[in-house]
Amino acid sequence: MKVARFHAPGDIRIEDVPEPVAGPGDVKIRVRNCSTCGTDVKIFKFGHHHIRPPRVMGHEIAGEVVDVGEGVTGWTPGDRVQVIAAIPCGECEECRRGHMTVCPNQESMGYHYDGGFAQYMIVPAKILAVDGLNRIPDGLGFAEASVAEPLACVLNGQELARVGEGDDVVVVGSGPIGCLHVRLARSRGASRVFLVDLNAERLAMAADLVRPDAAICGADTDVVDAVLKLTGGRGADVVITAAASGAAQEQALQMTARQGRISFFGGLPKDDPIIRLDSNLVHYRELTIVGANGSSPAHNKRALRLIADGSVPVADLITHRLPLAEVLDAIDIVSRGAAIKVTIEP
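Residue numbering for the sequence shown is 0 to 345, as defined by numbering that gives the first Met the number 0.
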């Protein structure tokens, strides 16, 4: 079968390898869609400390069951499935407390295990053990189902930031994650959602699809001033920094209303993770700052339902569909910000 394997930074190869075999507790699937994201770009450029090459990349996975290993029940060939990306151990103290997103033993598809840039792949027994293999509802396509994984991460972030009825929400970053944040915030009852980006072209492309109440280009506008004017000087109830920007995190404090919430959704580069934070703003305005780290198996299930029932439409966000042989083109498109969501169809 064909796979896209990471060998070293800048070195991803389309290769022929033997089809994998399902071991005890495993499920083998035919990959129908594996969507790409900014993390794939970072792996291509810099590698990752959890990846021991060669490794098949890809972690936003949907497909159909073709075989099951010994001891597996409840799954049969032909079942349409979506696969979690982050695999909690299910046994540590954090998992037992229900904090699966911060499991210290977490592993990931496309990192510790071969991922979805392949014609066939193995869903390891560890995923079944934490209920991380999900049935795709009837009527929902594989491509849309593959977007459940990033939406699950967005759902985790908005639950932690308590996005809800009547909120004014600012989303910084107009990539696919930012677009999903806009749509999920609306589905959770936000009153208004404002979308911010430095890249005017990308912002315009995203705004044309997700229709924020205002699109603010940080390259030619003072973002803090614009948000304050839009909110009558009050500031936003929730600010979500869906971009790897320390400056955006610092600005977030300046444009958040009293008792507002700030989600540091996008992580910062490991060589520059420190920001200047005005502690008095947090103190006197009673602000809440939360992080967001991936998603749990339960988030994936809920995200899949939100897509299937139309609460969070995603079909129009998939702007490019490419075959496995063009995975490097897909990564380049994502790197240039020339698409919203790019999916690979092996």
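Virtual Cβ for every residue (Gly too), placed ideally from N, Cα, C.
Pairing glycine 70 with proline 23 gives a Cβ-Cβ distance under 8 Å. In the structure shown, threonine 240 adopts extended strand secondary structure according to DSSP, grouped into three states. Using a Cβ distance threshold of 8 Å, aspartate 277 and alanine 235 do not count as a contacting pair. In this structure, the beta-carbon distance from phenylalanine 141 to valine 2 does not fall below 8 Å.
In this structure, valine 223 lies away from leucine 194, with their beta-carbon atoms at least 8 Å apart. The region 121–136 makes no contact with the region 38–52; the number of CB pairs closer than 8 Å stays below 3. In this structure, aspartate 25 sits away from proline 87, with a CB-CB distance that is not shorter than 8 Å. In this structure, the CA atom of asparagine 279 is about 32 Å from the CA atom of methionine 99. Setting aside the 5 residues that flank it on each side, leucine 327 is surrounded in the same chain by Ile11, each with a C-beta closer than 7 Å to its C-beta; the list follows chain order.
The alpha carbon of leucine 183 has as its nearest neighbour, out of Arg275, Gly163, Ser294, the alpha carbon of Gly163. Ranked by Cα distance from tyrosine 110, the options Ile176, Ile332, His49 are led by His49.
In the displayed model, proline 149 falls within a helix according to three-state DSSP. Of Arg257, Glu18, Ala247, Met0, the smallest CA-CA separation from isoleucine 273 is found for Ala247. Rounded to the nearest whole angstrom, the C-alpha separation of glutamate 148 and valine 82 is 8 Å. Membership of histidine 180 in the alpha helix (DSSP H) is indicated by the continuous run 175–186.
Counting the other CB atoms within 10 Å of its CB gives tyrosine 119 a total of 16 or more, which places it among the buried residues. Counting C-beta atoms within 10 angstroms of its own C-beta, histidine 180 has 16 or more neighbours from the protein chains shown and is therefore classed as buried. For the 8 Å CB-CB criterion, alanine 151 and alanine 243 do not form a contact. For asparagine 279, the enclosing alpha helix (DSSP H) starts and ends at 278–284.
Scanning its chain for C-beta atoms nearer than 6 Å, with the 5 sequence neighbours on each side dropped, one finds around alanine 205 the residues Ser173, Cys178, in chain order.
One Cα belongs to isoleucine 135, the other to lysine 300, and the distance between them is close to 10 Å.
Looking at the DSSP output, arginine 54 shares a beta bridge with Phe5. In the structure shown, aspartate 270 falls within a coil segment according to DSSP collapsed to helix, strand and coil. By the Cβ-count criterion, lysine 269 is exposed, with fewer than 16 other Cβ atoms from all chains shown falling within 10 Å of its own Cβ.
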